[in-house]
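Asker: This note's numbering numbers the first residue of the sequence shown as 2 and each following residue consecutively.
Backbone N, C-alpha and C fix where the C-beta goes; we use that ideal spot for every residue, glycine too.
I have a structure here, written as structure tokens, and I will follow up with some questions on it.
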Amino acid sequence: MSSDLPQTPPEDASAYSRENASYQHRRGWAGMSSGGRMMVVVAVAVALALAVGGCALALFWNSTRQAALIDDDIREVLTPVEDVDPYWVLVLGSDSRAEDVDRARSDVLMLVRVDPNTPTVTMVSFPRDTRVRIEGYGTQKINAAYALGGAELAISTVEDYANVKISHYAEIYFSGLTELVDQLGGVTVNVPEYCSYKGVTLYPGEQELDGRQALTFARCRKTYTMGDYTRTKCQRILLQALVEKVLAQPVTALPGVITSATKCFSTDMPLEDLIALATKLQGMGGDSFYSAMCPSESGMVDGASYTFTYINQWKLLMQRAQAGEDPSLTEEEEKICGYTSTRSTELIMEEPIPDYVQEQLEEYWGEQAAKEA
């Protein structure tokens with residue numbers, strides 16, 4: 002790997018990149034045993050953890066309808082794993098449903114590693130403008146993969162960039178978030194800073210959000226100081242709030258919650274698998290959830306804004322995530338695997354990220370150096 006690397010990222014951006022966060026069968030509700038109802042409660046909470054981002058809560062009442070939204074082309078690009086093995090889930094958030102002809106770009110893009118044995122859940126977010134190579138389309142922003150080739154292309158693009166095999170896929174739709182949050186009676190969050198989106202304004206501080214406000218909280222980007230970095234942070238805050246709220250719901254309220262959830266979520270995972278997973282993950286505490294952002298910095302190329310990955314930090318983060326460890330980096334580790342003035346420090350990874358990721362970094366920083374000369 003080349004050692005011609007950029008300098009250490011600014012402190013404010015790296016702070017976000019290493020942020021830690023504490024992630025029925027078809028018969029009717031009335032015919033279920035009390036134990037069955039409890040499984041649904043837990044399964045809803047687990048589905049929440051898998052659907053990180055704008056929509057967050059999802060569990061389909063009708064597993065046939067659920068499966069119909071994930072076609073065979075998507076299943077063909079997924080890598081099967083044994084029930085006892087850890088696996089990766091790609092979670093996308095968009096403005097359109099899976100059956101829509103016109104695809105929107107994905108504004109939420111996250112890898113979730115689930116280890117049912119330990120048990121741990123690790124969430125790794127990507128800035129939507131991350132500069133990547135998309136097969137058949139050249140260099141693009143990572144969120145363009147979904148718009149250009151649907152879930153199949155998004156899955157293969159993220160697999161190449163993160164050097165992992167994705168076994169499951171979940172898609173969330175912002176259009177259903179408002180009704181879902183209202184069905185829950187609102188959610189309480191601590192808004193970190195002023196934000197405004199489509200006529201809804203939120204001010205800093207702890208407050209209860211209704212559906213429209215929750216959508217603003219999840220979607221707002223331009224008014225945040227750190228843009229997409231802060232938006233991803235807010236999506237995690239919303240996730241935690243939704244988990245807490247659904248766990249506090251009486252079982253009699255869950256049918257309505259699940260009905261609302263069907264409007265904003267689809268996945269290849271059968272309902273019975275979600276319930277089985279819920280059984281294994283019962284009793285997980287906040288210290289079993291890990292969270293990180295792809296370490297990066299924004300820059301311009303040919304008048305377009307991109308986010309560029311700090312490759313050494315990215316390698317270390319993903320190596321830890323793959324091992325089921327806390328992927329966040331300490332300040333000292335960031336210096337060690339960063340881009341020092343001597344440009345002589347490199348990390349040796351067991352499974353290196355593809356060379357093209359390094360190449361696109363060098364291309365950008367070479368252009369920047371030429372401009373400064």
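May I ask you to verify whether the region 119-136 touches the region 155-171, counting CB pairs closer than 8 Å and requiring at least 3?
Answerer: Verdict: yes, contact present.
Asker: Mapping DSSP to helix, strand and coil, what is R134?
Answerer: Three-state DSSP puts R134 in a strand.
Asker: Ignore the nearest five residues each way along the sequence and tell me which others in G206's own chain have a CB closer than 8 Å to its CB.
Answerer: The answer, listed in chain order, is N191, V192.
Asker: Would you call the CB atoms of Y225 and T231 closer than 9 Å?
Answerer: It is a contact, given that the beta carbons lie within the stated cut-off.
Asker: Is the number of C-beta pairs between the region 87-96 and the region 112-119 that are closer than 8 Å three or more?
Answerer: Result yes; three or more Cβ-Cβ pairs closer than 8 Å.
Asker: Kindly indicate which three-state DSSP category N164 falls into: helix, strand or coil?
Answerer: If DSSP states are grouped into helix, strand and coil, N164 belongs with coil.
Asker: Taking buried to mean at least 16 other C-beta atoms within 10 Å of its own C-beta, is D84 buried or exposed?
Answerer: By the neighbour-count rule (16 or more Cβ atoms within 10 Å), D84 is not buried but exposed.
Asker: Quick one: Cα of L210 to Cα of V188, how far?
Answerer: Their backbone Cα atoms lie some 5 Å apart in a straight line.
Asker: Identify whether M270 lies in helix, strand or coil by the three-state DSSP scheme.
Answerer: Of the three classes helix, strand and coil, the one that applies to M270 here is coil, per DSSP.
Asker: With respect to 8 Å, is the separation between the Cβ of V159 and the closest non-hydrogen atom of the ligand COA below this value?
Answerer: Ligands displayed in this structure: none; no statement on the ligand COA is therefore possible.
Asker: Helix or strand or just coil, what does DSSP make of N191?
Answerer: Note: N191 maps to strand in three-state DSSP.
Asker: Under 8 Å: do the region 162-172 and the region 195-205 share three or more Cβ pairs, one atom per stretch?
Answerer: The region 162-172 vs the region 195-205: no contact.
Asker: Spatial neighbours of C221 within its chain, please: C-beta separation below 6 Å, excluding the five flanking residues on both sides.
Answerer: Within the same chain, C221 has close Cβ partners C196, Y198.
Asker: Which value, in whole angstroms, describes the spacing of the CA atoms of G186 and R213?
Answerer: Cα-Cα distance, rounded: 12 Å.
Asker: Can you check which of these residues, L240, M227, K223, is closest to I173 by C-alpha distance?
Answerer: If we check each option's Cα against that of I173, L240 comes out closest.
Asker: Out of M227, I75, L178, which one is the CA nearest neighbour of H169?
Answerer: Measuring from the Cα of H169, the nearest candidate turns out to be I75.
Asker: The alpha helix (DSSP H) with F175 in it runs from where to where?
Answerer: No alpha helix (DSSP H) holds F175; DSSP gives it neither H nor E.
Asker: When the Cα of G325 is compared with those of Y88, K166, A219, which residue comes out closest?
Answerer: It is Y88 whose Cα lies nearest to the Cα of G325.
Asker: Name the two residues that bound the continuous alpha helix (DSSP H) containing V78.
Answerer: Counting along the chain, the alpha helix (DSSP H) containing V78 begins and ends at 73-78.
Asker: DSSP three-state call for K264: helix, strand or coil?
Answerer: Note: K264 maps to coil in three-state DSSP.
Asker: What are the partner residues of Y198, as DSSP defines its beta bridges?
Answerer: In the DSSP output, where bridge partners are listed per residue, Y198 has V201.
Asker: Report all residues from its chain with a CB closer than 8 Å to the CB of E130; omit the five preceding and five following residues, and keep chain order.
Answerer: A small fix is needed here, since residue 130 is Asp in this sequence, not Glu. Closer than 8 Å at the Cβ level, and outside the excluded window around D130, lie K142, I143, N144, D229, S299, S306, Y307, T308.
Asker: Could you spell out the range, first to last residue, of the alpha helix (DSSP H) harbouring F218?
Answerer: Segment 212-220, the alpha helix (DSSP H) holding F218.
Asker: Taking M142 as part of the beta strand (DSSP E), name the residues at either end of that continuous run.
Answerer: One point to set straight first is that residue 142 is Lys, not Met, in the sequence displayed. First-last of the beta strand (DSSP E) with K142: 139-142.
Asker: Assuming P296 contacts Q314 (C-beta within less than 8 Å), just tell me the rounded distance between them.
Answerer: Contact holds; Cβ gap of about 4 Å.
Asker: With DSSP as the reference, identify every bridge partner of Y230, one or two as the case may be.
Answerer: According to DSSP, Y230 bridges with nothing at all.
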